[in-house]
Amino acid sequence: MTKRFEAAVLRSYGKPFAVEEVALHEEPADGEILVRIAGCGMCRTDLAVRSSAGRTPLPAVLGHEGAGVVVGTGGPDTGLSTGDHVVLSFDSCGRCRNCMGAAPAYCDSFASLNLFGGRKENAARFTDATGGELAPRWFGQSSFAEYAMVSARNAVRVDPALPVELLGPLGCGFLTGAGAVLHSFGAGPGDTVAVFGAGAVGLAAVMAATAAGAVTVAVDRHPERLATAERFSAIPLHASTADLPDRIRRLTDGGTRYALDTTGSPEMINDALQALRPTGHLGLVARIRTPLPLRPGSLDRGRKISHICEGDAVPGLLIPRLTELWRAGKFPFDQLIRTYPLADINEAERDCDAGRVVKPVLIP
Numbered sequence: 015m016t017k018r019f020e021a022a023v024l025r026s027y028g029k030p031f032a033v034e035e036v037a038l039h040e041e042p043a044d045g046e047i048l049v050r051i052a053g054c055g056m057c058r059t060d061l062a063v064r065s066s067a068g069r070t071p072l073p074a075v076l077g078h079e080g081a082g083v084v085v086g087t088g089g090p091d092t093g094l095s096t097g098d099h100v101v102l103s104f105d106s107c108g109r110c111r112n113c114m115g116a117a118p119a120y121c122d123s124f125a126s127l128n129l130f131g132g133r134k135e136n137a138a139r140f141t142d143a144t145g146g147e148l149a150p151r152w153f154g155q156s157s158f159a160e161y162a163m164v165s166a167r168n169a170v171r172v173d174p175a176l177p178v179e180l181l182g183p184l185g186c187g188f189l190t191g192a193g194a195v196l197h198s199f200g201a202g203p204g205d206t207v208a209v210f211g212a213g214a215v216g217l218a219a220v221m222a223a224t225a226a227g228a229v230t231v232a233v234d235r236h237p238e239r240l241a242t243a244e245r246f247s248a249i250p251l252h253a254s255t256a257d258l259p260d261r262i263r264r265l266t267d268g269g270t271r272y273a274l275d276t277t278g279s280p281e282m283i284n285d286a287l288q289a290l291r292p293t294g295h296l297g298l299v300a301r302i303r304t305p306l307p308l309r310p311g312s313l314d315r316g317r318k319i320s321h322i323c324e325g326d327a328v329p330g331l332l333i334p335r336l337t338e339l340w341r342a343g344k345f346p347f348d349q350l351i352r353t354y355p356l357a358d359i360n361e362a363e364r365d366c367d368a369g370r371v372v373k374p375v376l377i378p
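Mapping of the sequence shown onto our numbering: position 248 corresponds to residue 262, and the numbering continues sequentially without gaps.
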C-alpha cells in the first residue's frame, strides 16, 4: 500500500511550515492503527521544536493533539475497529516500570519516543513526494496531516456523538492542566488553587478546579485571558499586582493549598511558592531551562514543589472523564478553540505566538 495525502512539513527550524504531499508506504503493523485526522491542536511544544537546538530531526511532520476516525488496524490486538472515533495522546513503551505502574508520562523512553526521534520501526515508510524520508512519528502521531499512523496504545476511543474535530487538545494541553488539578493535586471542594499563566494549560486547570469545587485564582498578564478565567469562575489577578503573594494569601484565607505554574518564569514560580499556605504544593508543568533561584523563605514550612508531566494522567482514564465533564457543562474547553484549515498553519502559529488565540485547532 502507498497512501498519499497532505501534511504540514517543517523542513527548517527557522522557516514556515509547507503543506505538501507525503506518503505512507505500508499498512498498519501489529498494534498500530491508521487514523483519518479530523482536527489537531497546535501546542507550544510543537512550536518549541524551532528552538530545540537540532535535537528534533527534520524534515518532520509535527502535531501531537490529533483526533479522528480509525480507517485501518494492524493485527488482532489493537482493541479498536475501523470507524471508531479516537483521541490521540503521547507515546509510551508500555513495558517499563513506570508504564506498568500506571504512570506512562514518566515512561523510561518518553523523550526518545516523543521528542527526539520517535519510533524507529519502519521509519522509512513515511516519506515526502520525492521519496525523501521524514522523521519518525512526532509524539507517536505526526498529526498535522490528513492521516496518522499511531500505536494503538496512544489512542483513546470516544463517543462518536462528540465533536471529534475539537477533541484533540484533550490528548495533551487540556489533559496536562486538568490532570494536574484532578490527579496530581486531587483538588476537591473547599480547596484553593492558584494558577499562574492563563493559556491553554492554565485555563484547563482553572476549569478543572472549578469543576472540582475548589476556589480558584488565575494570574496572567493578558487582560483578555484573565477575563476568560473569570468567566470560568476564577478570581483574576494581573501578574503585575503589587505584593502578589500577599494579595493571594488574603484572598484565600492564609494561602492556597495548591498552585500550578505554567509559565516557567522564576519570578512567577517564587510568587506561587510564597502564595502557598504551610504544607502547600506547587506543581510546575513548563520545562525549566535556566537556573531557578528561590527567594529566602519561599520553600519552608512544609511547602513542596514538583514537576508534573502530562498531568500525571493515564489518557484512557482521564480523557473520558473530561468529555463527560464537558457534556455536563463543567469543562467547556471548546470555548478556548479557534479552528483553521491545515493550509493556514502558519497563520495559526503567528496567532498562537501573539496570544490572539488560546488553542488553535487545524482541520485537514
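The C-beta atom is built at its ideal place from N, Cα and C for all residues, glycine as well.
Whole-angstrom C-beta distance between Val100 and Val49, which should lie under 8 Å: Translated into the one-based positions of the sequence shown, residue 49 becomes position 35. Translated into the one-based positions of the sequence shown, residue 100 becomes position 86. With a Cβ gap of about 6 Å, Val49 and Val100 count as contacting.
CB-CB length for Arg271 against Ala253, believed under 8 Å: In the sequence shown, counting from the first residue as 1, residue 271 sits at position 257. In the sequence shown, counting from the first residue as 1, residue 253 sits at position 239. Here Arg271 is actually not in contact with Ala253; their C-beta atoms are around 21 Å apart, not less than 8 Å.
Buried or exposed (CB count within 10 angstroms, at least 16 for buried), Asp285: By one-based count along the sequence shown, residue 285 stands at place 271. It is buried - the Cβ of Asp285 has at least 16 other Cβ atoms within 10 Å.
Beta carbon of Pro203 nearer than 8 Å to that of Gly227: As a position in the sequence shown, residue 203 is number 189, starting the count at 1. As a position in the sequence shown, residue 227 is number 213, starting the count at 1. Closer than 8 Å, so yes.
Contacts around Ser26, its chain only, beta-carbon distance under 6 Å, and the 5 residues preceding and following it disregarded: Here residue 26 is taken as the residue at index 12 of the sequence shown, counted from 1. Taken in chain order, the list of residues that qualify is empty.
The region 167-181 in contact with the region 96-110 per 3-pair CB rule at 8 Å: yes
Beta-carbon contacts of Leu306 that lie in its chain and below 7 Å, excluding the five residues immediately before and after: The residue you call residue 306 lines up with position 292 of the sequence shown. Here the set comprises Pro280, Ile283.
Through-space distance from Ile322 to Gly200, alpha-carbon basis: The residue you call residue 200 lines up with position 186 of the sequence shown. The residue you call residue 322 lines up with position 308 of the sequence shown. Whole-angstrom Cα-Cα distance: 13 Å.
Neighbour-count burial assignment, Gly185, 16 or more Cβ in a 10 Å radius: If you number the sequence shown from 1, residue 185 lands on position 171. It is buried - the Cβ of Gly185 has at least 16 other Cβ atoms within 10 Å.
Environment of Met163 [buried if 16+ CB atoms lie within 10 Å]: Counted from its first residue, the sequence shown places residue 163 at position 149. That one is buried.
Nearest-angstrom Cα separation, counted from Thr87 out to Glu46: As a first step, residue 46 must be located in the sequence shown, where it is residue number 32. As a first step, residue 87 must be located in the sequence shown, where it is residue number 73. Between Glu46 and Thr87, the C-alpha separation is close to 6 Å.
Cα-Cα separation, Ala119 to Ala192: Translated into the one-based positions of the sequence shown, residue 119 becomes position 105. Translated into the one-based positions of the sequence shown, residue 192 becomes position 178. Roughly 15 Å between the two C-alpha positions.
Proximity of Val84 and Leu94 at Cβ, strictly below 8 Å: Numbered from its first residue, the sequence shown carries residue 84 at position 70. Numbered from its first residue, the sequence shown carries residue 94 at position 80. In this structure, Leu94 lies closer than 8 Å to Val84 by Cβ.
Residue burial classification, Asp241 (beta-carbon count within 10 angstroms, cutoff 16): Residue 241 sits at position 227 when you count from the first residue of the sequence shown. Correcting the residue type first, residue 241 is Ala in the shown sequence and not Asp. With fewer than 16 other Cβ atoms within 10 Å, it is exposed.
Identity of the residue in Ala125, Met56, Ala116 nearest Arg301 by Cα: Within the sequence shown, the letter at position 287 stands for residue 301. Looking at the Cα atoms, Ala125 is the closest of the given residues.
Beta strand (DSSP E) runs contained entirely in the region 242-292, provided each spans 3 or more residues: For the beta strand (DSSP E) assignment, the uninterrupted runs of no fewer than 3 residues enclosed by the region 242-292 are, from N- to C-terminal side, 249-252, 270-275.
Environment of Thr293 [buried if 16+ CB atoms lie within 10 Å]: Position 279 of the sequence shown holds residue 293. It is exposed - the Cβ of Thr293 has fewer than 16 other Cβ atoms within 10 Å.
Coil, strand or helix - Arg25 by DSSP: The residue given as residue 25 occupies position 11 in the sequence shown. Coil.
CB-CB length for Leu258 against Val299, believed under 8 Å: Within the sequence shown, numbered from 1, the residue matching residue 258 stands at position 244. Within the sequence shown, numbered from 1, the residue matching residue 299 stands at position 285. Not really, about 20 Å apart at Cβ, beyond 8 Å.
Alpha-carbon to alpha-carbon, Glu179 and Ala362: By one-based count along the sequence shown, residue 362 stands at place 348. By one-based count along the sequence shown, residue 179 stands at place 165. Approximately 16 Å, taken between the alpha carbons.
N- and C-terminal bounds of the alpha helix (DSSP H) containing Cys54: On the sequence shown, residue 54 is found 40 positions in, with the first residue counted as 1. Run containing Cys54: none in the alpha helix (DSSP H); it sits in the beta strand (DSSP E), 46-55.
For Ala116 and Phe158, the rounded distance between their alpha carbons: Locating residue 158 in the sequence shown gives position 144, where the first residue counts as 1. Locating residue 116 in the sequence shown gives position 102, where the first residue counts as 1. Taking the straight line from one Cα to the other gives about 28 Å.
Proximity of Gly97 and Gln155 at Cβ, strictly below 8 Å: In the sequence shown, residue 97 corresponds to position 83, counting from 1. In the sequence shown, residue 155 corresponds to position 141, counting from 1. For Gly97 and Gln155, no; Cβs fall outside 8 Å.
Alpha helix (DSSP H) runs contained entirely in the region 173-226, provided each spans 4 or more residues: 187-193, 214-225
Anticipated Cβ contact below 8 Å, Phe31 with Pro183, distance rounded: One-based indexing of the sequence shown puts residue 31 at position 17. One-based indexing of the sequence shown puts residue 183 at position 169. At roughly 19 Å, the Cβ-Cβ gap does not stay under 8 Å, so Phe31 and Pro183 are not in contact.
CA nearest to the CA of Ser367, picked from His39, Asp60, Arg18: Within the sequence shown, residue 367 is the residue found at index 353, counting from 1. One detail in the question is off: residue 367 reads as Asp in this sequence, not Ser. Comparing Cα-Cα distances from Asp367 to each of His39, Asp60, Arg18, the minimum goes to Asp60.
Distance between beta carbons of Gly325 and Arg291, contact taken as under 8 Å: Here residue 291 refers to the residue found at position 277 of the sequence shown. Here residue 325 refers to the residue found at position 311 of the sequence shown. At roughly 23 Å, the Cβ-Cβ gap does not stay under 8 Å, so Arg291 and Gly325 are not in contact.
Bridge-paired residues (DSSP) for Met163: Numbered from its first residue, the sequence shown carries residue 163 at position 149. According to DSSP, Met163 bridges with Leu48.
Pair within 8 Å by beta-carbon distance, Val220 and Phe246: Locating residue 220 in the sequence shown gives position 206, where the first residue counts as 1. Locating residue 246 in the sequence shown gives position 232, where the first residue counts as 1. Taking 8 Å as the Cβ cut-off, Val220 and Phe246 qualify as a contacting pair.
Collapsed DSSP secondary structure at Glu41 in the structure displayed: Along the sequence shown, one-based indexing puts residue 41 at 27. Coil, per DSSP.
Residue of Ala243, Leu102, Ala248 minimising C-alpha distance to Trp152: Residue numbering aside, residue 152 sits at position 138 when the sequence shown is read from its first letter. Measuring from the Cα of Trp152, the nearest candidate turns out to be Leu102.
Pro355 classed as buried or exposed, judged by whether at least 16 other C-beta atoms fall within 10 angstroms: As a first step, residue 355 must be located in the sequence shown, where it is residue number 341. Classification of Pro355: exposed, given that the 10 Å Cβ count is below 16.
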